[in-house]
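Chains as they are written, first to last, in our numbering: chain H, 1 to 148; chain L, 1001 to 1112. Some notes on the structure that comes next.
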Ligand SMILES: Nc1ncnc2c1ncn2[C@@H]1O[C@H](COP(=O)(O)OP(=O)(O)OP(=O)(O)O)[C@@H](O)[C@H]1O
Ligand SMILES: [Mg+2]
């Protein structure tokens, strides 16, 4: 954790297929926000957004990381991974669209709601993906945003 | 209603995570679903979550949105890892042979 000019920066690595640790990064982020006294409606948004980002990296990517910057008026979340990237981002953003395998679905994943959830929780949302390269999701959550 | 009172009224098998502190936590609502992305966006703080998912990820889902407890329906087998994690983070997990519907009906009769 580093603290530069009133901002707190957190960084968590997320490994591919690491289900036993899946949810750890988002749980740690939530704990820190709670300790910092961030209002619970904002903490809820961040918890949902980082959880979905973490699971997508663990399930669909080759591994990556989640960076969280806590500023005095907003929280910035950046989730990046090392590939394989998303062919059709517009399709991936649709509610219900999922390429999750049956094995993964049996564990309760694959509703195709992760990316829509992230967008819903953000005041600003952006996703850039390049096939063969990787995916980057940017989310900004304002500290005075309404409950979801 | 306090969690402890629910345990007294409904025959729930105590699996993990319950302690003298969280047994007094309030249960304000019930949420039933097995798709984790729906659960995390729709379950509310202080809900009790009825599910047949038993993988360790249910612990993160429940604590991230501040649910009070998890009830595993239909007597599903619960992963060792899930039990260990529930004890570590102190989220109560119960099990019942009842279906989600029967559990919800009983909770409803208790006024939840
Ligand atoms: N980081 C990623 N790398 C590669 N593909 C991804 C990534 N994130 C999402 N996708 C693709 O986009 C689809 C939709 O993602 P989304 O999170 O909305 O649903 P899901 O992960 O399949 O199911 P859920 O999140 O509801 O459990 C995924 O099935 C996958 O094909
Ligand atoms: Mg997802």
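All C-beta atoms in this analysis are idealised placements derived from N, C-alpha and C, irrespective of residue type, glycine included.
Quick check: is the beta carbon of residue 154/H nearer than 8 Å to any beta carbon in chain L? Because chain H in this structure spans residues 1 to 148, residue 154/H falls outside the shown range and cannot be described.
Quick check on this structure: which residue in 1089/L, 1027/L, 1097/L has the alpha carbon closest to the alpha carbon of residue 1046/L? Locating residue 1046/L in the second chain gives position 46, where the first residue counts as 1. Measuring from the Cα of residue 1046/L, the nearest candidate turns out to be 1027/L.
Taking Cβ positions only, does residue 51/H come closer than 8 Å to chain L? As a position in the first chain, residue 51/H is number 51, starting the count at 1. Taking 8 Å as the CB threshold, residue 51/H lines the interface with chain L.
Residue from 17/H, 121/H, 134/H with nearest C-alpha to residue 100/H: Sequence index remark: in the first chain, residue 100/H carries index 100 (1-based). The candidate whose alpha carbon is nearest that of residue 100/H is 17/H.
If you check the beta carbons only, do residue 67/H and residue 114/H fall under 8 Å apart? If you number the first chain from 1, residue 67/H lands on position 67. If you number the first chain from 1, residue 114/H lands on position 114. Against a cut-off of 8 Å, the Cβ pair of residue 114/H and residue 67/H comes out as no contact.
Span separating the alpha-carbon of residue 142/H from that of residue 1011/L: Start at 1 with the first residue of the first chain, and residue 142/H comes out as number 142. Start at 1 with the first residue of the second chain, and residue 1011/L comes out as number 11. Residue 142/H and residue 1011/L: Cα-Cα distance of roughly 44 Å.
Just confirm the distance between the C-beta atoms of residue 54/H and residue 23/H, as a whole number of angstroms; I'd bet it's less than 8 Å. Here residue 54/H corresponds to residue number 54 of the first chain, with the count starting at 1. Here residue 23/H corresponds to residue number 23 of the first chain, with the count starting at 1. Contact holds; Cβ gap of about 7 Å.
Can you confirm whether residue 1030/L, when its beta carbon is compared against all beta carbons of chain H, has any partner nearer than 8 Å? In the second chain, residue 1030/L corresponds to position 30, counting from 1. So no, residue 1030/L is outside the interface.
So, using beta-carbon positions, are residue 1091/L and residue 1062/L closer together than 8 Å? One-based indexing of the second chain puts residue 1091/L at position 91. One-based indexing of the second chain puts residue 1062/L at position 62. Using a Cβ distance threshold of 8 Å, residue 1091/L and residue 1062/L count as a contacting pair.
According to the neighbour-count rule (16 or more other Cβ atoms, all chains shown, within 10 Å of its Cβ), is residue 105/H buried or exposed? As a working note, residue 105/H is residue 105 in the first chain. Under this definition residue 105/H is an exposed residue.
Continuous alpha helix (DSSP H) assignments of at least 4 residues falling wholly in the stretch 1015-1062 of chain L: Look at the stretch 1015-1062 of chain L and you find these whole runs of alpha helix (DSSP H), each 4 residues long or longer: 1036-1042.
So, at 6 Å on beta carbons, what are the nonlocal neighbours of residue 1051/L in its own chain, with the 5 sequence-adjacent residues on each side left out? The sequence position of residue 1051/L within the second chain is 51, counting from 1. Within the same chain, residue 1051/L has close Cβ partners 1034.
If we define contact as Cβ-Cβ less than 8 Å, is residue 1034/L a contact residue for chain H? Here residue 1034/L refers to the residue found at position 34 when the second chain is read from its first residue. Chain H, which has a Cβ nearer than 8 Å to the Cβ of residue 1034/L, makes this yes.
Let me know the secondary structure DSSP gives residue 143/H once reduced to three states. Taking the first residue of the first chain as 1, we reach residue 143/H at position 143. DSSP places residue 143/H in coil when its eight states are reduced to three.
Closer than 5 Å to ligand 2: residues, by C-beta to nearest heavy atom, in chain order: Selection around ligand 2 by beta-carbon proximity, strictly under 5 Å to any non-hydrogen atom, yields 56/H, 114/H in chain order.
Pull up the distance between the alpha-carbon of residue 1008/L and that of residue 1109/L, whole angstroms please. Start at 1 with the first residue of the second chain, and residue 1008/L comes out as number 8. Start at 1 with the first residue of the second chain, and residue 1109/L comes out as number 109. If you draw a straight line from the Cα of residue 1008/L to the Cα of residue 1109/L, it comes to about 14 Å.
Have a look at 112/H, 134/H, 10/H and flag the residue whose alpha-carbon is nearest the alpha-carbon of residue 87/H. Stepping through the first chain from its first residue, residue 87/H is reached at position 87. Measuring C-alpha to C-alpha distances from residue 87/H to each of 112/H, 134/H, 10/H identifies 134/H as the nearest.
Do residue 1076/L and residue 1043/L have their C-beta atoms closer together than 8 Å? Within the second chain, numbered from 1, the residue matching residue 1076/L stands at position 76. Within the second chain, numbered from 1, the residue matching residue 1043/L stands at position 43. Not in contact: residue 1076/L and residue 1043/L (Cβ atoms no closer than 8 Å).
Return the CA-CA distance between residue 63/H and residue 57/H, expressed in angstroms with no decimal places. For this step, residue 63/H is matched to residue 63 along the first chain. For this step, residue 57/H is matched to residue 57 along the first chain. If I take the Cα positions, the gap works out to 6 Å.
Work out the CA separation of residue 1020/L and residue 33/H for me, nearest whole Å. Here residue 33/H corresponds to residue number 33 of the first chain, with the count starting at 1. Here residue 1020/L corresponds to residue number 20 of the second chain, with the count starting at 1. In this structure, the straight-line span from the alpha carbon of residue 33/H to that of residue 1020/L is close to 26 Å.
For residue 150/H and residue 146/H, what's the separation of their Cα atoms in angstroms? Lying before the first or after the last residue shown, residue 150/H is absent from chain H, which here runs from 1 to 148.
DSSP beta-bridge partners for residue 64/H? The sequence position of residue 64/H within the first chain is 64, counting from 1. BP columns for residue 64/H point to 14/H, 81/H.
Sorted by chain position, which residues of the same chain lie with C-beta nearer than 7 Å to residue 92/H's C-beta, five sequence neighbours on each side aside? Translated into the one-based positions of the first chain, residue 92/H becomes position 92. For residue 92/H, where only same-chain residues beyond five positions count, the Cβ hits under 7 Å are 86, 115.
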